[in-house]
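Residue numbers (this note's numbering), protein chains in the order written: chain A, 1 to 113; chain B, 1001 to 1114.
A virtual CB, placed ideally from N, CA and C, is assigned to each residue, including glycine.
Computed from a predicted model, the values in this text were never measured in an experiment.
Comments concern the structure below.
See below:
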């Protein structure tokens, strides 16, 4: 069965420091991969997506992610974190052209001043 | 260009009652998916509607049902509410065909069952 694992429940980084959020998936074929961000009490905003092609994808707000097929990973990175990046981050895998999206449990990011 | 809208924003119901949540998709989208997000968890796929029919369903009981109207808007109905149904219910819309099949999410409806 398809599944998504985000190993880190909570991460704290200092403002200006770099960030990497981990995501591993289990799926038989090349999946559609997504990262979403959710602020408290809000819906989900798409940060970036991978469908095919270049394995390093750029998203909004300075985020990027790299698809590594050999490791079944799609880690999210940002070179310099801003206080406004504090939120919950979800990795998701899309099955059958996104008819059924599976989400990880999320990683909560706290940014220290 | 309006995004995905959901109503109501918040809802409080009693165990055993029934509830209806509503969703209007992003302009131009024809597919609506519903997700349940319990506190501290990721969204769980409930079902997806296209052409007024349910075409994919997650692991949810028959108490959860839905409908899609000709204008592509959708309703989620939950019967015989349980305490465990308390969650944020998210609606997402997409295009069944197209170069970018990602889903756009609404702000959600917070359901509390007491």
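If you drop the 5 nearest sequence neighbours on each side, which residues of the same chain put their C-beta closer than 6 Å to that of residue 1112 of chain B?
The sequence position of residue 1112 of chain B within the second chain is 112, counting from 1. So the qualifying residues of the chain are 1012, 1086.
By a C-beta neighbour count over all protein chains shown, 10 Å radius and 16 as the cutoff for buried, is residue 79 of chain A buried or exposed?
Residue mapping note: residue 79 of chain A aligns to position 79 of the first chain, counting from 1. With fewer than 16 Cβ atoms within 10 Å of its Cβ, residue 79 of chain A is classed as exposed.
If the criterion is Cβ atoms closer than 7 Å, does the pair residue 102 of chain A and residue 2 of chain A meet it?
Taking the first residue of the first chain as position 1, residue 102 of chain A is located at position 102. Taking the first residue of the first chain as position 1, residue 2 of chain A is located at position 2. Taking 7 Å as the Cβ cut-off, residue 102 of chain A and residue 2 of chain A qualify as a contacting pair.
State yes or no: is the beta carbon of residue 1008 of chain B nearer than 7 Å to at least one beta carbon in chain A?
Indexing the second chain from 1 puts residue 1008 of chain B at position 8. No - not a single Cβ of chain A is within 7 Å of the one on residue 1008 of chain B.
Listed from N- to C-terminal order along the chain, which residues in the stretch 61-82 of chain A have their beta-carbon within a distance smaller than 7 Å of any beta-carbon of chain B?
Cβ contacts with chain B: none found.
If contacts are defined as beta-carbon pairs under 8 Å, then residue 47 of chain A and residue 32 of chain A qualify, I think. What distance do you get, rounded to the angstrom?
Here residue 47 of chain A corresponds to residue number 47 of the first chain, with the count starting at 1. Here residue 32 of chain A corresponds to residue number 32 of the first chain, with the count starting at 1. Not a contact, Cβ separation roughly 14 Å.
When we look at the beta-carbon of residue 88 of chain A and count the other beta-carbons within 10 Å, is it buried (16 or more) or exposed?
Indexing the first chain from 1 puts residue 88 of chain A at position 88. By the neighbour-count rule (16 or more Cβ atoms within 10 Å), residue 88 of chain A is buried.
Any chain B beta carbon closer than 7 Å to residue 106 of chain A:
Along the first chain, read from residue 1 onward, the residue named residue 106 of chain A stands at position 106. Yes, because at least one Cβ of chain B sits closer than 7 Å to the Cβ of residue 106 of chain A.
What number of angstroms, rounded off, separates the C-alpha of residue 1016 of chain B from the C-alpha of residue 57 of chain A?
Against the second chain, residue 1016 of chain B aligns to sequence position 16. Against the first chain, residue 57 of chain A aligns to sequence position 57. Straight-line Cα distance between these residues: approximately 47 Å.
Quick check on this structure: which residue in A:64, A:83, A:73 has the alpha carbon closest to the alpha carbon of residue 27 of chain A?
Here the question's residue 27 of chain A lines up with position 27 in the first chain. Nearest option by C-alpha distance: A:73.
Chain-order list of residues whose beta-carbon lies under 8 Å from that of residue 1014 of chain B (same chain, five-residue window excluded):
The residue given as residue 1014 of chain B occupies position 14 in the second chain. Only residues of its own chain outside the window of five on either side were considered, and among them 1081, 1113, 1114 have a CB closer than 8 Å to the CB of residue 1014 of chain B, listed in chain order.
Using the beta-carbon count (16 or more within 10 Å), is residue 1025 of chain B buried or exposed?
Translated into the one-based positions of the second chain, residue 1025 of chain B becomes position 25. Answer is buried; the Cβ neighbour count reaches 16.
Whose Cβ in chain B lies nearer than 7 Å to the Cβ of residue 42 of chain A?
Here residue 42 of chain A refers to the residue found at position 42 of the first chain. Under the 7 Å cutoff, chain B gives 1107.
Proximity test, Cβ basis, 7 Å: residue 1045 of chain B and chain A
For the purposes of this step, residue 1045 of chain B is taken as residue 45 along the second chain, with counting starting at 1. So yes, residue 1045 of chain B belongs to the interface.
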